[in-house]
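Under the numbering used here, the first residue of the sequence shown is numbered 20, with each subsequent residue one higher.
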Amino acid sequence: MTKKLFLTVAVAALALMVAGCGDDEGTQINGPVGLLGLAIPEGTVIESATLNLYVWQLSDQTVNTHRITADWDEMTVTWGNFGGAYDGAIESSFLVDAEGWVSTDATSLVQAWLDGTYPNYGFLLEQGFTWPRSIWFSRDYGSVAPYLEVCYYFEGDLVCETFESIADSYIWELNPDDNFGAVHVIRSGHSSETELEKQALVRFEIPTEPPPPPPDGCTRTIGFWKTHAGFGPQDDEVSQYLPILLGDAGGTKTRTVATAQDAVDYLNQDVYGKASNGITKLYAQLLGAKLNVAAGASSPVDSEIAAADAFLADYDYMDWKSLTKDQKDEVNDLKSTLDDYNNGLLGTLHCD
């Protein structure tokens with residue numbers, strides 16, 4: 020059964036506002052709830068996440084984003100019960116210098132929510148004691164509702180999902196017990212130095228789902244093994260197959276992958292050389308192939324695995340630059356064949 024982790028992105032914009040500013044604060048327009056994108060696989064390392072808001076009134080001010088540290092509800096949140104709950108560390112900054120769509124980076128915080136590093140209560144945006152104010156459309160305005168775009172690689176392809184807001188509101192220091200959850204705009208900034216603060220909040224919902232259990236006799240990519248080593252919300256599926264040798268037993272340059280952390284280091288291709296190093300890449304694909312075989316996948320690449328082990332018994336990543344062209348070609352050919360096997364291109368099916 021699909022398990023859904025609902026991420027909440029809340030955006031709060033700190034601003035100073037004057038009482039009686041004549042902005043039709045009480046106007047209320049009901050709008051549709053935004054549609055969700057497809058579920059993101061659990062354990063995904065995202066490429067990017069971008070928060071997007073539609074500016075109705077620009078301010079030429081810089082707005083800073085922060086992590087919110089307490090939950091809130093669209094139709095009950097007020098200045099009084101929100102209580103300034105946010106982390107003072109700045110996540111990102113952006114300039115509100117034009118009407119229309121404005122974007123700000125949300126990658127680090129969205130990844131932290133996906134990993135379970137922080138509970139997800141969203142972003143707070145503040146611009147300090149600067150004016151004039153900015154006005155953004157809320158979800159109640161319909162087609163220009165705030166949205167979050169999350170991009171990630173899935174089996175080698177870049178996938179981008181768009182999640183429209185499902186809740187937004189603003190809160191006002193002048194009216195600390197009033198709720199504005201049904202208003203068609205959210206506000207940040209202030210008109211003069213005598214105004215009182217407003218904050219705007221926006222919420223998104225992102226479903227995630229666990230990857231399907233691997234059927235018998237199928238392969239996984241090195242990306243799967245890297246993200247299923249026990250260092251995120253996903254289960255550790257690597258340690259049960261360790262230790263694994265990269266090279267023949269007794270070889271002078273043979274390496275032992277003894278722990279899940281060792282496996283991640285080889286699969287990341289940034290500890291034992293770099294991705295431009297052919298032996299570094301061979302380490303990763305050979306380890307992936309051996310993990311697949313250990314997990315029950317049939318192996319049409321036994322001869323390539325044996326050849327890779329024989330080579331790595333005598334050479335390691337520090338020898339790459341000194342290899343002959345023929346030796347480098349051999350390493351690259353072995354790496355490519357094992358990569359094809361891990362991707363299910365050599366007869367053994369890839370796990371869907």
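For glycine and all other residues, C-beta sits at the position ideal for the given N, C-alpha and C.
* Contact between the region 90-101 and the region 56-63 (3+ Cβ pairs under 8 Å) -> Flag = no, the region 90-101 and the region 56-63 do not touch.
* Bridge-paired residues (DSSP) for Val-221 -> Per DSSP, Asp-187.
* Got a sec? Which residues, its chain only, sit under 7 Å from Asp-352 by beta carbon, not counting five neighbours each side? -> none
* Touch check for the region 275-295 and the region 209-223: three-plus C-beta pairs under 8 Å? -> no
* **Range of the contiguous alpha helix (DSSP H) that encloses Ser-355** => 344-361
* **Three-state class that DSSP yields for Ala-131 in the structure shown** => helix
* To do: Tell me whether Ile-109 is buried or exposed, calling it buried when 16 or more other Cβ atoms sit within 10 Å of its Cβ.
  => exposed
* Pair within 9 Å by beta-carbon distance, Gly-236 and Leu-342 -> no
* To do: Report yes if the C-beta distance between Leu-70 and Val-276 is below 9 Å; otherwise report no.
  => no
* **Distance between Leu-128 and Ala-279 (C-alpha atoms, nearest Å)** => 25 Å
* What is the residue span of the beta strand (DSSP E) that Leu-286 lies within? -> From DSSP, Leu-286 is part of no beta strand (DSSP E) but of the alpha helix (DSSP H) over 279-287.
* Asked: Quick one, are the C-beta atoms of Val-115 and Val-163 less than 9 Å apart?
  -> no
* To do: Find the nearest neighbour of Asp-345 within the set Met-337, Leu-357, Phe-330 and Asp-358, judged by alpha-carbon distance.
  => Answer by Cα proximity: Phe-330.
* Evaluate Gln-259 with the Cβ neighbour count: other Cβ atoms within 10 Å of its Cβ, from every protein chain shown; 16 or more gives buried, anything less gives exposed. => exposed
* Would you mind giving the Cβ-Cβ distance between Val-320 and Thr-356, rounded to the nearest angstrom? I have them listed as a contact below 8 Å. => 6 Å
* To do: Would you kindly work out how many angstroms separate the C-alpha atoms of Ala-308 and Tyr-360, rounded to a whole number?
  => 7 Å
* Who are the near neighbours of Tyr-105 in its chain, counting only those whose CB is closer than 7 Å to its CB and skipping five residues on each side? -> Answer for Tyr-105: Ala-31, His-85, Arg-86, Ile-87, Thr-88 and Leu-143, listed in chain order.
* Asked: When burial is assigned at 16 or more other CB atoms within 10 Å of the CB, is Leu-310 buried or exposed?
  -> By the neighbour-count rule (16 or more Cβ atoms within 10 Å), Leu-310 is buried.
* To do: Give every residue of the same chain whose Cβ lies closer than 7 Å to the Cβ of Lys-300, excluding the five residues on either side of it in the sequence, and list them in chain order.
  => Gln-288, Ala-294 and Lys-354
* What are the residues that DSSP puts in a beta bridge with Asn-71? -> Ser-122 and Tyr-166
* Within this structure, are the beta carbons of Ala-58 and Glu-228 separated by less than 9 Å? -> yes
* Of the choices Gly-175, Gly-292, Gln-76 and Asn-296, whose alpha-carbon is the least far from that of Thr-240? -> Gly-175
* Near Leu-167, what residues of its chain come up, given a Cβ to Cβ distance below 6 Å and the 5 sequence neighbours on each side ignored? -> Val-28, Leu-70, Phe-182 and Phe-223
* Please name the residue in Ser-317, Asp-335 and Leu-265 whose C-alpha comes closest to that of Leu-305. => Cα-wise, what sits closest to Leu-305 is Leu-265.
* For Asp-187 and Ser-207, the rounded distance between their alpha carbons -> 13 Å
* Asked: Can Cys-370 and Phe-173 be called in contact, C-beta distance under 9 Å?
  -> no
* So, using beta-carbon positions, are Tyr-336 and Asn-296 closer together than 9 Å? -> For Tyr-336 and Asn-296, yes; Cβs fall inside 9 Å.
* Length of the line joining the Cα atoms of Ala-248 and Tyr-291 -> 18 Å
* Skipping 5 residues on each side, what residues in its chain have a beta carbon closer than 7 Å to that of Gly-251? -> Gly-62 and Asp-134
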